[in-house]
Every structure is written in structure tokens, then in C-alpha cells.
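Enquirer: I have a structure here, written as C-alpha cells, and I will follow up with some questions on it.
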Amino acid sequence: MWSHGPPPPAMTEEQFRLLRELIQAHCGIAFREDHRRLLERRLAPRLEALGLRDFSAYHRHLRFDPRGGAELAEALDLLTTNETYFFREARQLRAFADEILPALASSLAAERRLRILSAGCSTGEEAWTVAVLVRDSGLFAGWDVEIAACDLSRRCVAQGRAGSYGEHAFRAPESSPMRRWFHLRGGKWVVDEGLRGMVRFHRDNLVAPDALAAVPPLDAVFCRNVMIYFDLEARRRALRALHAKLRGGGWLLLGHSESLLNVTADFELVQLRADLVYRKPAGGGAP
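In terms of the working numbering, the sequence shown opens at residue 899 and continues consecutively.
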């Protein structure tokens, strides 16, 4: 029920174009032509909250109001998709545990320091899964280990940091090792304090000029099913940011439907026993 009078008029084609272009320029997410009603439905409550009469006024608010940046973050919370769960794409995670982690333990043995990024971490299930794999490997006891986790959505970052999940997050059969690192409290599964210190969550925009500024040089990056929503130029910007942060020989793990063919030649494709992943060439320059 609208408290400020009748509902706003439907989003016009021109209003959709303006909003879509603004969002795409900001974060790379490319909405298709048939997404107009989705934007209209999800953003309509923001018009009511701000007392704006139509989507043209909302676009002007985003662009010119001093509070437009905060409102754009609010809009992106409503528009981004955050479907994930523990041990998603389990075959790749098993390859990471069985092949990549031992390789990292060997190559980094002298410095005993490991840095991993979960980019586009959504509500944090991937980051906590990686933390469990690192801990359960037994290869990094006494090491300085940190997993950075970032997402565009403030809401997702807050949930990941809270480390509190419902039963549905454990729906993958392979997620059973996660259980011993969580405790049931008030109907939610909450991450154990012994694991919590391994993961640091923050908000980040992979296509911004200052992308990943707060992230240290990395040994491995998970960026799975994130860039499928980006236009080509945004993918290239995000990959440049990831490449710049990865140390020479660092690993890049994408979603199984993703390929860097015709996107960038900065990474080499590596055939593991159980999966295909990407790697920054050893001579590719360390951060």
C-alpha cells in the first residue's frame, strides 16, 4: 500500500535505459532488455521511501543528490542475485583442496603466509567453505592465513560477516565437513570462533578504479559466477584488477560455465587432474 498516494507510473523504456546505463557504468552489471519489469518491481519501494513521483526523479536522485551514492548501494542490494550455498561446485573445490592447496603449501613454505580472495562472495558461504578446506587440509598449521571476502552488496557483506545461516545453506551433500565448524543457536547455524578469525569481509566494486585497494597480494582468487552478469569491458576491468593483485603463479578459479576466451590472455589455462583452472604466469609480475 502506497502511503504517498497512487503507485508510480510504470517504468518507461527511456527511464529503463537511463537506470540501466547508470548501473552498468557503476558496477558492470548489464541488465537485458527484458529486465525492465524486474527493475520496476524491485525499485518501486525506493520511490515510495524517498517520496519520488516516478523513475525519472529516481534517476536524478541517484545522479545528482548528495545521498545518491548511498541510495545506489541500496538499489544494488535489491537488484543483485545472491543464490549460493556451502560447497557449491564441489568438484572444483575438491581439486582446490587436493591439488592447489598442496602446491601452495610447497611454494610458500619459506614465508608461511597464505592470502586468498573470495571475490563476489555473496552471503559468505564460499569464503567459509574455503576456510574449512584450508583448516582441514592440515597443511597450514602455524601459518599466517587470511581469506578476504568482498561483495558489492552491503547486505551480503553483513550476513557473511555475521556467519549465521539456515539449514538450506548446507544442502550440498559435500557440505557435511562444514557442520563441525558451526554451532546451532536460535535455529541458525553460526560459525565457530576458531574459524571466524580466518575470514575478513568488506564491500568492494570489482570494476571501480580503486578495486581491491584494501586487499593484499594474493595467492589464489575465487571469482565464480560473478562476471556472468558483466558486460565485456567490465569483465576485462575486473580481471585486470584481479591480475594486478595476484602474485606470479597465483591461481584464479572461475565458475564452470565461465571462460576467458576472447576476454583476456593474461592468464594461462591449467589442466588439473579433476578440473580446469586459470593461473597468472610465474613471470607475470608480483604485486
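Backbone N, C-alpha and C fix where the C-beta goes; we use that ideal spot for every residue, glycine too.
Decide if Glu972 is buried, meaning its Cβ has at least 16 other Cβ atoms within 10 Å, or exposed.
Expert: Buried: at least 16 other Cβ atoms inside 10 Å.
Enquirer: Mapping DSSP to helix, strand and coil, what is Val1028?
Expert: Helix, per DSSP.
Enquirer: Terminal residues of the continuous alpha helix (DSSP H) containing Ile921?
Expert: Segment 911-925, the alpha helix (DSSP H) holding Ile921.
Enquirer: Where does Gly949 fall in DSSP's three states?
Expert: If DSSP states are grouped into helix, strand and coil, Gly949 belongs with coil.
Enquirer: Output needed for Arg1134: all residues of its chain with C-beta closer than 8 Å, excluding positions within five of it in sequence on either side, in chain order.
Expert: Counting only Cβ-Cβ distances below 8 Å, and skipping sequence neighbours, we find Val1161, Thr1162.
Enquirer: Just to confirm the assignment, what range does the alpha helix (DSSP H) spanning Val1055 have?
Expert: Start and end: 1052-1060.
Enquirer: Where does Ala1172 land, buried or exposed, given buried means 16+ other C-beta within 10 angstroms?
Expert: With fewer than 16 other Cβ atoms within 10 Å, it is exposed.
Enquirer: Taking the alpha-carbon of Leu916 as reference, which of Tyr1063, Pro1114, His959, Ala1112 has the nearest alpha-carbon?
Expert: Out of Tyr1063, Pro1114, His959, Ala1112, His959 has the C-alpha closest to the C-alpha of Leu916.
Enquirer: Work out the CA separation of Leu1140 and Pro1179 for me, nearest whole Å.
Expert: Rounded to the nearest angstrom, the two C-alpha atoms are 13 Å apart.
Enquirer: Can you give the Cα-Cα distance for Phe1194 and Lys1086, rounded to whole angstroms?
Expert: Residue numbering for the chain in the displayed model covers 899 to 1185; residue 1194 lies beyond these limits and cannot be assessed.
Enquirer: Are there 16 or more other CB atoms within 10 angstroms of the CB of Gly1022, so buried, or fewer, so exposed?
Expert: Burial call: buried.
Enquirer: Enumerate, from N- to C-terminal direction, the unbroken alpha helix (DSSP H) stretches of 4 or more residues contained entirely within the stretch 1089-1123.
Expert: You should have 1091-1094.
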